[in-house]
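Structure first, then comments.
Residue numbers (my numbering): 111 to 369.
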């Protein structure tokens with residue numbers, strides 16, 4: 111069976127690309143890491159790729175805000191390449207800093223039309239408690255998520271968060287309701303038994319509206335979330351015993367199976 115090709119974008123400050131590479135390989139993909147400058151120069155092509163992953167880290171040192179400068183890469187130098195890729199059915203996955211990048215670029219927005227910087231319907235901002243959160247959490251897919259590969263997860267995924275700007279906020283309750291109705295809410299923070307977090311800390315580690323851990327595009331091809339499933343690939347990675355289906359690797363397996 112042919113292993114689907116997945117490209118991982120690297121920017122100055124990205125620091126989770128190696129873990130993401132390992133996760134994708136264990137899940138059955140043929141994965142490579144490419145610097146965004148090489149994609150911009152055309153020396154690395156998206157032709158033949160089934161998915162692009164934007165990993166975690168601190169791209170460009172989070173200058174001007176987490177994900178902002180990486181978002182400029184997507185909306186300027188890489189706009190045509192990424193736009194064509196998604197238009198042809200390619201999948202995009204953003205993890206933590208990658209999720210911030212997708213939101214700030216407008217590839218993941220809260221409405222039906224592109225959002226201008228400073229006037230977005232959704233954003234990721236400083237954690238409610240005003241501190242960097244590094245702790246293990248549970249996240250579960252929304253039942254009606256447009257990203258069908260997530261709906262195949264049989265139980266919440268147990269993995270860490272590590273961010274200072276991971277609080278998901280919307281312009282208002284109407285936007286949050288719109289996302290839910292359209293199947294745009296991909297993952298929510300939950301309790302260990304899968305019960306709703308109801309905004310309670312530390313189950314919801316950052317104060318995200320609606321306990322949202324991740325969202326997706328209307329067609330489900332673009333998905334982003336804050337937690338790091340690539341940090342839980344082996345049993346020994348976990349601080350407590352959990353079923354195999356709760357490991358972060360299971361999420362990557364579901365992703366690769368959908369390619």
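Glycine is no exception: its CB is placed at the ideal position from the N, C-alpha and C atoms.
### Query
Three-state secondary structure (DSSP) at residue 172?
Taking the first residue of the chain shown as 1, we reach residue 172 at position 62. Three-state result, residue 172: helix.
### Message
Please classify residue 324 as buried or exposed, where buried requires at least 16 other C-beta atoms within 10 Å of its C-beta.
### Response
Sequence index remark: in the chain shown, residue 324 carries index 214 (1-based). Counting Cβ neighbours within 10 Å, residue 324 comes out buried, since at least 16 surround it.
### Message
On the DSSP bridge list, what partners appear for residue 235?
### Response
For the purposes of this step, residue 235 is taken as residue 125 along the chain shown, with counting starting at 1. In the DSSP output, where bridge partners are listed per residue, residue 235 has 277.
### Local Cβ density within 10 Å of residue 189, reported as buried at 16 or more and exposed below that
Along the chain shown, read from residue 1 onward, the residue named residue 189 stands at position 79. With fewer than 16 Cβ atoms within 10 Å of its Cβ, residue 189 is classed as exposed.
### Task
Using 10 angstroms around the beta-carbon of residue 249, count the other beta-carbons present and answer buried if the total reaches 16, otherwise exposed.
Taking the first residue of the chain shown as position 1, residue 249 is located at position 139. Burial call: buried.
### Task
Measure the Cβ-Cβ separation of residue 281 and residue 231 and say whether it is below 8 angstroms.
The residue labelled residue 281 in the question sits at position 171 within the chain shown. The residue labelled residue 231 in the question sits at position 121 within the chain shown. In contact: residue 281 and residue 231 (Cβ atoms closer than 8 angstroms).
### Task
Could you tell me how far apart the beta carbons of residue 266 and residue 260 are, in whole angstroms, since I believe they sit closer than 8 angstroms?
The sequence position of residue 266 within the chain shown is 156, counting from 1. The sequence position of residue 260 within the chain shown is 150, counting from 1. So it is not a contact: roughly 12 angstroms between Cβ atoms.
### Query
From what residue to what residue does the beta strand (DSSP E) around residue 144 run?
Here residue 144 refers to the residue found at position 34 of the chain shown. Residues 140–145.
### Local conformation of residue 339 per DSSP, three classes
As a working note, residue 339 is residue 229 in the chain shown. Residue 339: helix per DSSP, three-state reduction.
### Task
Determine the extent of the beta strand (DSSP E) in which residue 324 is found, giving its start and end residues.
One-based indexing of the chain shown puts residue 324 at position 214. Looking at the DSSP string, the run of the beta strand (DSSP E) that includes residue 324 is 322–326.
### Message
Is the beta carbon of residue 198 closer than 8 angstroms to that of residue 177?
### Response
Taking the first residue of the chain shown as 1, we reach residue 177 at position 67. Taking the first residue of the chain shown as 1, we reach residue 198 at position 88. No, these two residues do not count as a Cβ contact at 8 angstroms.
### Message
For residue 328, which residues in the same chain have their Cβ closer than 7 angstroms to its Cβ, ignoring the five residues on either side in sequence?
### Response
Translated into the one-based positions of the chain shown, residue 328 becomes position 218. Within the same chain, residue 328 has close Cβ partners 256, 292 and 294.
### Through-space distance from residue 331 to residue 160, alpha-carbon basis
Start at 1 with the first residue of the chain shown, and residue 160 comes out as number 50. Start at 1 with the first residue of the chain shown, and residue 331 comes out as number 221. Approximately 11 angstroms, taken between the alpha carbons.
### Rounded separation between residue 297 and residue 253 - CA only
By one-based count along the chain shown, residue 297 stands at place 187. By one-based count along the chain shown, residue 253 stands at place 143. Each residue's Cα considered, the two are about 9 angstroms apart.
### Query
Is DSSP giving residue 369 helix, strand or coil here?
Residue mapping note: residue 369 aligns to position 259 of the chain shown, counting from 1. Note: residue 369 maps to coil in three-state DSSP.
### Task
Grab the span of the alpha helix (DSSP H) containing residue 113 for me, first residue to last.
If you number the chain shown from 1, residue 113 lands on position 3. No alpha helix (DSSP H) holds residue 113; DSSP gives it neither H nor E.
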